[in-house]
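Below is one structure, written out as structure tokens; comments come after it.
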């Protein structure tokens with residue numbers, strides 16, 4: 007069986023040493039490298055392209071979420087697991103909006119990290135069980151939006167991708183560059199989205215996307 011290649015990013019030496027010990031003691035994993043800053047981590051992941059990167063939220067020169075967001079925008083396929091000290095719902099939702107694959111409280115990392123890494127490596131999402139309430143509230147809002155706007159179910163995969171990016175305040179030109187299509191194609195998709203969601207007015211799509219950003223991030 008092919009090893010799951012992992013990079014650890016954390017600026018606390020003792021905590022990083024604990025993670026290292028847990029990961030290296032499991033034959034399913036190959037620890038490729040470690041980093042303790044945003045700059046070092048970003049460069050390592052670009053060069054090594056690990057299967058998984060375990061990221062501390064707070065680093066001296068940035069955040070783990072910014073690492074994930076930056077590398078995702080570059081098309082790097084590494085899956086990201088975030089470790090955090092805080093049970094903060096706003097931070098949790100921000101991570102989910104970015105598309106973080108695993109979200110683990112540091113206080114539970116010793117017992118959860120192996121299950122999390124295996125689950126994420128298999129293509130699944132993982133959230134610490136103690137944060138289930140955050141996840142349920144998030145899903146509830148998404149279901150309420152789907153009920154209010156049934157046209158969301160009719161959006162194509164491309165239209166969903168574009169709607170999520172509109173919710174991130176990206177312009178048509180920025181979205182076009184990211185998705186490698188022309189700005190005219192994005193404008194056509196925007197028109198189709200408005201039609202399906204019964205949105206009228208010059209700024210109605212942007213307003214809808216911003217107001218429902220949290221729920222829209224859960225779109226398939």
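Residue numbers (the numbering used here): 7 to 226. Yeah, the Cβ is synthetic: ideal placement off N, Cα and C, and Gly gets one too.
Check                                                                                                                                                                     : Outcome
Which runs of the beta strand (DSSP E) spanning at least 3 residues fall entirely within the region 96-161, listed in chain order?                                        : 108-111
Where does residue 203 sit, in a helix, a strand or coil, going by DSSP?                                                                                                  : coil
Where do the N-terminal and C-terminal ends of the alpha helix (DSSP H) with residue 174 fall, by residue?                                                                : Careful: residue 174 lies outside any alpha helix (DSSP H) and carries neither H nor E.
In terms of DSSP beta bridges, what is residue 40 paired with?                                                                                                            : 14
Take the Cβ of residue 144 as the centre, count every other Cβ of all protein chains shown within 10 Å, and call the residue buried at 16 or more, exposed below.         : buried
Hey, out of 30, 34, 36, 66, whose CA is closest to residue 46's CA?                                                                                                       : 66
Are the region 133-144 and the region 168-182 in contact at 8 Å, needing three or more beta carbon pairs?                                                                 : no
Return the chain-ordered list of same chain residues with a C-beta closer than 6 Å to the C-beta of residue 42, the five sequence neighbours on each side being excluded. : 17
Keeping to the same chain, check which residues put their C-beta closer than 7 Å to that of residue 56; ignore five residues upstream and five downstream.                : 11, 12, 13, 38, 84
From which residue to which residue does the beta strand (DSSP E) around residue 63 run?                                                                                  : No beta strand (DSSP E) holds residue 63; DSSP gives it neither H nor E.
Residue 121: buried (16+ other C-beta within 10 angstroms of its C-beta) or exposed?                                                                                      : exposed
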